[in-house]
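Engineer: Residue numbers (our numbering): 7 to 315.
All C-beta atoms, glycine included, are put in the ideal place defined by N, C-alpha and C.
Once you've had a glance at the structure underneath, I'll fire off some questions.
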Ligand code: PMP
């Protein structure tokens, strides 16, 4: 399988990006933060990744709400209201003339003294918004499915660092991602300290299985130690609108191996089928009918004639 990472691309394709930094749009080369910023020194900060589809920013209010909640939990005061952050995001997208793309919203602790202390000498948060383009997983993977492995890296225990905080410290996920790359695949399933399925390094996980009432969609609950994905929530809503049962339940690796279908959701990946896990075929080894149905529903949700959020 090809090693094409899903990542925003900036430098080659759009050399003169306008970046929103602390209230002003500035050229990319002027958009810098101080080396004493605790976002850099300690990963002390929070962020969001957001999509622009057909000139509309997908679930902007939900992303800004999650950003503010993450910041609240780490006691990081953001010097802008939700409305101001939303406006800054819209302004950045407009300044860069983007109708489709990817936005990175970042809030760092800001410049402080060299010690860990997040408040001492702190000059206040740095807030910036980057609007760029994104490289997708190859289309072929949406047709034929993604291969994943189970990572030996345990997902952070919520009592240590809650995965619900979308923090700038992604090392837990990066270590699992390295394992995936070493294994020649693009994603890894991470288990929690109890051995239950949590999430992938940058995506939430769903399976389809049979229940007495027909097929049901199952996804790990928030208490499994996951990010409350905005795509996850959108897919849950879409599935329910289509009359599908959706259950949030603890899952084991065993449940994934014997699932009829499996797929991942995330802002960058959207909805992508998984057909191989730990070298085992999931279901019949092809993207399942319900996965395809949900991919179509998701495309309709973000498509040109989509309803407003
Ligand atoms: N889990 C993790 C660890 C992530 O980084 C992401 C991407 N933000 C997701 C899940 C999916 O969340 P969302 O649908 O909000 O992008």
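Closest by CA to residue 86, which one among 293, 131, 261 and 218?
Structural biologist: Counting from 1 along the chain shown, the entry for residue 86 is found at position 80. Answer by Cα proximity: 131.
Engineer: Specify the secondary structure class of residue 17 as computed by DSSP and reduced to three states.
Structural biologist: Looking up residue 17 in the chain shown gives position 11. Caution is warranted here: a pLDDT of 47 is assigned to residue 17, below 50, making its placement in the model unreliable, and the coordinate value is therefore given only provisionally. Looking at residue 17 - three-state DSSP - the assignment turns out to be coil, as it is neither helix nor strand.
Engineer: Can you tell me the Cα-Cα spacing of residue 252 and residue 241, whole angstroms?
Structural biologist: Taking the first residue of the chain shown as position 1, residue 252 is located at position 246. Taking the first residue of the chain shown as position 1, residue 241 is located at position 235. Using only the alpha carbons, I get a separation of about 10 angstroms.
Engineer: At a cut-off of 7 angstroms, is residue 6 close to ligand 1 when judged by its beta-carbon and the heavy atoms of the ligand?
Structural biologist: This structure cannot settle anything about residue 6, because the visible part of the chain is limited to 7 through 315.
Engineer: List in chain order the residues whose CB is within less than 6 angstroms of at least one heavy atom of ligand 1.
Structural biologist: That gives 55, 179, 205, 208, 209, 210, 233, 235, 236, 237, 238, 271, 272 and 273.
Engineer: Report the residue ranges of all beta strand (DSSP E) runs contained in full by the region 73-124; include only those spanning at least 3 residues, in chain order.
Structural biologist: Listed in chain order, they are 107-114.
Engineer: Within 10 Å of its beta-carbon, does residue 83 have 16 or more other beta-carbons around it, so buried, or fewer, so exposed?
Structural biologist: Position 77 of the chain shown, counted from the start, is the residue given in the question as residue 83. When all chains shown are included, residue 83 counts as exposed.
Engineer: For the candidate residues 300, 112 and 212, whose alpha-carbon lies nearest to that of residue 38?
Structural biologist: Reading the chain shown from its first residue, position 32 is the one you call residue 38. Ranking 300, 112 and 212 by Cα distance to residue 38 puts 112 first.
Engineer: Since I believe residue 209 is in contact with residue 272 (beta carbons under 8 angstroms), could you give me their beta-carbon distance rounded to a whole number of angstroms?
Structural biologist: One-based indexing of the chain shown puts residue 272 at position 266. One-based indexing of the chain shown puts residue 209 at position 203. The Cβ separation is near 4 angstroms, so the contact holds.
Engineer: Which of the three DSSP states, helix, strand or coil, is assigned to residue 43?
Structural biologist: Translated into positions along the chain shown, residue 43 becomes position 37. Three-state result, residue 43: strand.
Engineer: Would residue 224 and residue 213 qualify as a contact pair, given that the criterion is a beta-carbon distance under 8 angstroms?
Structural biologist: Position 218 of the chain shown, counted from the start, is the residue given in the question as residue 224. Position 207 of the chain shown, counted from the start, is the residue given in the question as residue 213. Contact flag set, yes.
Engineer: Kindly indicate which residue of 283, 71 and 72 has the alpha-carbon position closest to the one of residue 186.
Structural biologist: The residue you call residue 186 lines up with position 180 of the chain shown. Nearest C-alpha to residue 186: 283.
Engineer: Look up residue 264 in the DSSP assignment and say whether it is helix, strand or coil.
Structural biologist: Translated into positions along the chain shown, residue 264 becomes position 258. If DSSP states are grouped into helix, strand and coil, residue 264 belongs with coil.
Engineer: Is the CB-CB distance between residue 115 and residue 45 below 8 angstroms?
Structural biologist: Position 109 of the chain shown, counted from the first residue, corresponds to residue 115. Position 39 of the chain shown, counted from the first residue, corresponds to residue 45. In this structure, residue 45 lies closer than 8 angstroms to residue 115 by Cβ.
Engineer: Would you mind listing the beta strand (DSSP E) stretches within the region 230-282 that are 3+ residues and don't spill past its ends, in chain order?
Structural biologist: Runs of the beta strand (DSSP E) inside the region 230-282: 251-254 and 267-272.
Engineer: Can you grab the Cα-Cα spacing for the pair residue 261 / residue 55, in whole Å?
Structural biologist: The residue you call residue 261 lines up with position 255 of the chain shown. The residue you call residue 55 lines up with position 49 of the chain shown. Roughly 30 angstroms separates the two Cα atoms.
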